[in-house]
Amino acid sequence: MDCPAFDTFYRHDERTALLQAFAREFASIARLESIGQSREGRDIWALTITGPGESADKPGFMVDGCIHASEVTASTAALHYAWTLLSGYGNHAAITRLVDSTALYVIPVVSPDGVEQILSNGCWVRSGTRMYPDEEARSGLHAQDIDGDGLVLSMRMEDPGGGWKVSAEDPRLLVPRRFNDTEGTFYRVFPEGLVEDYDGVELGVAPPGQRLDFNRNFPANWQPEVRQEGAGDYPFSEPETRALAEFVHAHPNIWGVQSLHTGMESIIRPPSTQTDKDMPPADLRRFWEIGRLGVRETGYILFSDYKLNDEVYAIHGDFGCWCYEFLGLAAFTVELWDLRARSGKDYLELSRMNKERDLDGLEAMEVSLLRWNDATLGGDGFVDWRAFDHPQLGPVEIGGWKRLLRNNAPPQCLEETCRKETAFLLAHAQASPRLAAAIHAVKPLGDDVYSLEVAIRNDGYLPTQGTEQAVKMGAVRPIEARIELGDGAELLVGKAREELGQLDGYGGDAWRGNGVSGRQRRKVRWVIRCSGKPAARIVVRSGRAGTVRLELQQPPS
Numbered sequence: 163m164d165c166p167a168f169d170t171f172y173r174h175d176e177r178t179a180l181l182q183a184f185a186r187e188f189a190s191i192a193r194l195e196s197i198g199q200s201r202e203g204r205d206i207w208a209l210t211i212t213g214p215g216e217s218a219d220k221p222g223f224m225v226d227g228c229i230h231a232s233e234v235t236a237s238t239a240a241l242h243y244a245w246t247l248l249s250g251y252g253n254h255a256a257i258t259r260l261v262d263s264t265a266l267y268v269i270p271v272v273s274p275d276g277v278e279q280i281l282s283n284g285c286w287v288r289s290g291t292r293m294y295p296d297e298e299a300r301s302g303l304h305a306q307d308i309d310g311d312g313l314v315l316s317m318r319m320e321d322p323g324g325g326w327k328v329s330a331e332d333p334r335l336l337v338p339r340r341f342n343d344t345e346g347t348f349y350r351v352f353p354e355g356l357v358e359d360y361d362g363v364e365l366g367v368a369p370p371g372q373r374l375d376f377n378r379n380f381p382a383n384w385q386p387e388v389r390q391e392g393a394g395d396y397p398f399s400e401p402e403t404r405a406l407a408e409f410v411h412a413h414p415n416i417w418g419v420q421s422l423h424t425g426m427e428s429i430i431r432p433p434s435t436q437t438d439k440d441m442p443p444a445d446l447r448r449f450w451e452i453g454r455l456g457v458r459e460t461g462y463i464l465f466s467d468y469k470l471n472d473e474v475y476a477i478h479g480d481f482g483c484w485c486y487e488f489l490g491l492a493a494f495t496v497e498l499w500d501l502r503a504r505s506g507k508d509y510l511e512l513s514r515m516n517k518e519r520d521l522d523g524l525e526a527m528e529v530s531l532l533r534w535n536d537a538t539l540g541g542d543g544f545v546d547w548r549a550f551d552h553p554q555l556g557p558v559e560i561g562g563w564k565r566l567l568r569n570n571a572p573p574q575c576l577e578e579t580c581r582k583e584t585a586f587l588l589a590h591a592q593a594s595p596r597l598a599a600a601i602h603a604v605k606p607l608g609d610d611v612y613s614l615e616v617a618i619r620n621d622g623y624l625p626t627q628g629t630e631q632a633v634k635m636g637a638v639r640p641i642e643a644r645i646e647l648g649d650g651a652e653l654l655v656g657k658a659r660e661e662l663g664q665l666d667g668y669g670g671d672a673w674r675g676n677g678v679s680g681r682q683r684r685k686v687r688w689v690i691r692c693s694g695k696p697a698a699r700i701v702v703r704s705g706r707a708g709t710v711r712l713e714l715q716q717p718p719s
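Following our numbering, the numbering of the sequence shown begins with 163 at its first residue and continues without gaps.
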């Protein structure tokens, strides 16, 4: 199969065909399933990638994209990651090992209805497409393409009481009017669109009709609409969020998640509802280590959900918070693209500039973006202002940044954006806990009695429970070892089902400063009586670190 294009955004039918081609061309390691349907009836696809063996017996790592519809870069990035795994299997040693030992789940689009609407008519949709919270459109200006160019841009109209003026640095740029600006041409600025119930005087922007935010519809720290815009009627009120949650619950082997977004160029880690001091220290240290590697691969900044909530804006009911706070998954939210980052400013710095109303700094940032647009995109990202006779407002000008570019990589930068994120995903997936077990000894004790010892270990970075939060929330069970004997055999010592607690990984706290983890190995011993050669089936299971099946069919040592 030829390499797909990763400088484009796929419509639903195109994306479905590509995923079906992945499953067909790489049938030995890929399986495609619909995990549910959107409100409009589109399939929400999940691709499972793994080598020989049952996927449920391996530690699981999941990536999802486009829980926010307008952030379509996330979908292409998820597809790029899937292609890298599929095409690299058998050709790249590290990828082959990862695919053979791990169940890798890829859900490119959680909100297919919204993505389809975004790509088909250029309008703004946060997540779902049903009218919410109002069933009918509110009075005011509604964004839409009114000049027939297929874009929804901005409109400016001259007004002596307007709050915007043309920048002295670049005539394309509008900047906020200063409090002492009294002379010149001033503008009011609106989205391109038409006004519902216009009376010829009052003009305001109507609230978007489709304000559902799937990333506010999860139960962790959920708040109702009056406190959190887009929250939905109740947690999991939407078929898309229910489908995602049910998939996670149906795959208890999942230990890690990356949820892909755009808009900040950042890697956001837990915790969300508590400070770092209140977070289990071992979890915090591991999240820092994994996150810093992500910074190295992507160039993004790293901070916590709590910092975001405390310093930038409050988020309630988001997916990543639910994954860690409720389930104890090693979850990161990765924001893949921010046009403003082309100015060299990171998201936290830009947030500070907005809070402090640093108008000089913000103008310099916008000027640098226009220069980047001219040099890199040949000016294609910004549409010059042009006169238009609005059917309701009269003379206006339409122009400005293409809406999709504000938080999505342009074709010239899209594949490189995907490549960097794929590198982080491949690294994060290798942090898995990895259960291993082997028959250590079979010793005859006389009179057809044998001692059977099984050595169990964790060869992975994370502990078998994944995180300490998982234990705190009762989201994982202890490792268990089961023995099943043949007919006529008898278990004399030990239990048929032994609970063994959890095992540290090699990323555990160093013991006595020498880098050796405190408890990475356990041994379970049974004494059995059987006539003839001893035989047994042994299953060692850890929900998140995998399952090992052993067959004893050998002469005693």
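Ideal Cβ placement from N, Cα and C applies to all residues, glycine included.
Tyr612 versus Ala591 - alpha carbon distance:
Mapped onto the sequence shown, residue 612 falls at position 450. Mapped onto the sequence shown, residue 591 falls at position 429. One C-alpha to the other measures close to 41 Å.
Specify the secondary structure class of Pro718 as computed by DSSP and reduced to three states.
Start at 1 with the first residue of the sequence shown, and residue 718 comes out as number 556. Residue placement at Pro718 cannot be trusted, given a pLDDT of 46 that sits under 50; the coordinates are not used to answer.
Alpha carbon of Phe449 to alpha carbon of Ser704, nearest angstrom
The count along the sequence shown starts at 1 and reaches residue 449 at position 287. The count along the sequence shown starts at 1 and reaches residue 704 at position 542. Distance between the alpha carbons of Phe449 and Ser704 is about 22 Å.
Rounding to the nearest angstrom, what Cα-Cα distance links Lys220 and Gly461 in this structure?
As a working mapping, residue 220 is identified with position 58 in the sequence shown. As a working mapping, residue 461 is identified with position 299 in the sequence shown. If I take the Cα positions, the gap works out to 31 Å.
Indicate the three-state DSSP secondary structure (helix, strand or coil) for Arg514 in the structure shown.
Position 352 of the sequence shown holds residue 514. DSSP places Arg514 in helix when its eight states are reduced to three.
For Lys327, three-class secondary structure by DSSP:
Within the sequence shown, the letter at position 165 stands for residue 327. DSSP places Lys327 in strand when its eight states are reduced to three.
Whether Arg644 touches Val701 by CB criterion (7 Å)
Stepping through the sequence shown from its first residue, residue 644 is reached at position 482. Stepping through the sequence shown from its first residue, residue 701 is reached at position 539. Yes, they are a contact pair.
I'd like to check one pair, Thr291 with Gln279: are the Cβ atoms closer than 7 Å?
Stepping through the sequence shown from its first residue, residue 279 is reached at position 117. Stepping through the sequence shown from its first residue, residue 291 is reached at position 129. Yes, Cβ-Cβ distance for Gln279 and Thr291 is below 7 Å.
Does DSSP put Ala218 in a helix, in a strand, or in coil?
As a working note, residue 218 is residue 56 in the sequence shown. The answer is helix: DSSP assigns Ala218 an H, G or I state.
Under the three-state DSSP convention, the category Lys605 falls into:
If you number the sequence shown from 1, residue 605 lands on position 443. If DSSP states are grouped into helix, strand and coil, Lys605 belongs with the strands.
Work out the CA separation of Ala503 and Leu587 for me, nearest whole Å.
Working through the sequence shown from its first residue, we reach residue 587 at position 425. Working through the sequence shown from its first residue, we reach residue 503 at position 341. Distance between the alpha carbons of Leu587 and Ala503: 22 Å.
Three-way DSSP call (helix, strand, coil) for Pro634 in this model:
The residue labelled residue 634 in the question sits at position 472 within the sequence shown. Before going on, a small fix: residue 634 reads as Lys here, not Pro. DSSP places Lys634 in helix when its eight states are reduced to three.
Hey, would you say Phe188 sits closer than 7 Å to Thr238, going by beta carbons?
Within the sequence shown, numbered from 1, the residue matching residue 188 stands at position 26. Within the sequence shown, numbered from 1, the residue matching residue 238 stands at position 76. Contact: no.
N-terminal and C-terminal residue of the beta strand (DSSP E) that Trp245 is part of:
Residue numbering aside, residue 245 sits at position 83 when the sequence shown is read from its first letter. Unbroken run through Trp245 is the alpha helix (DSSP H), Thr235 to Gly250; no beta strand (DSSP E).
Measuring alpha carbon to alpha carbon, tell me which residue in Leu194, Gly346 and Arg378 is nearest Gly324.
Translated into positions along the sequence shown, residue 324 becomes position 162. Cα-wise, what sits closest to Gly324 is Gly346.
Is it the case that the segment 389 to 398 contacts the segment 193 to 209, given that we only count it when at least three CB pairs across the two stretches are under 8 Å?
no
From the DSSP output, in three-state form, read off Val611 for me.
To locate residue 611, count along the sequence shown from 1; it is residue 449. Correct three-state label for Val611: strand.
Could you check how far apart the C-beta atoms of Trp417 and Leu665 are, in whole angstroms? I think they sit under 8 Å.
By 1-based counting over the sequence shown, the position of residue 417 is 255. By 1-based counting over the sequence shown, the position of residue 665 is 503. Beta-carbon to beta-carbon, Trp417 and Leu665 are separated by about 13 Å, too far to satisfy the 8 Å threshold.
Cα-Cα separation between Gln108 and Leu194, rounded to whole angstroms:
For residue 108 there is no data in the structure shown, the boundaries of the chain being 163 and 719.
What residue range is occupied by the uninterrupted beta strand (DSSP E) comprising Leu654?
Taking the first residue of the sequence shown as 1, we reach residue 654 at position 492. It spans Glu652 to Val655 - the beta strand (DSSP E) in which Leu654 sits, taken as one unbroken run.
Decide if Val655 is buried, meaning its Cβ has at least 16 other Cβ atoms within 10 Å, or exposed.
As a working mapping, residue 655 is identified with position 493 in the sequence shown. It counts as exposed.
Hey, which unbroken runs of the alpha helix (DSSP H) at 4 residues or more fall wholly within the segment 168 to 211?
Counting whole runs of 4 or more residues, the segment 168 to 211 contains the alpha helix (DSSP H) stretches 174 to 187.
Once the 5 residues before and after Trp207 are set aside, which same chain residues still bring their CB inside 8 Å of it?
Along the sequence shown, read from residue 1 onward, the residue named residue 207 stands at position 45. Closer than 8 Å at the Cβ level, and outside the excluded window around Trp207, lie Arg177, Thr178, Leu181, Leu194, Glu195, Ser196, Ile197, Ile269, Pro270 and Val271.
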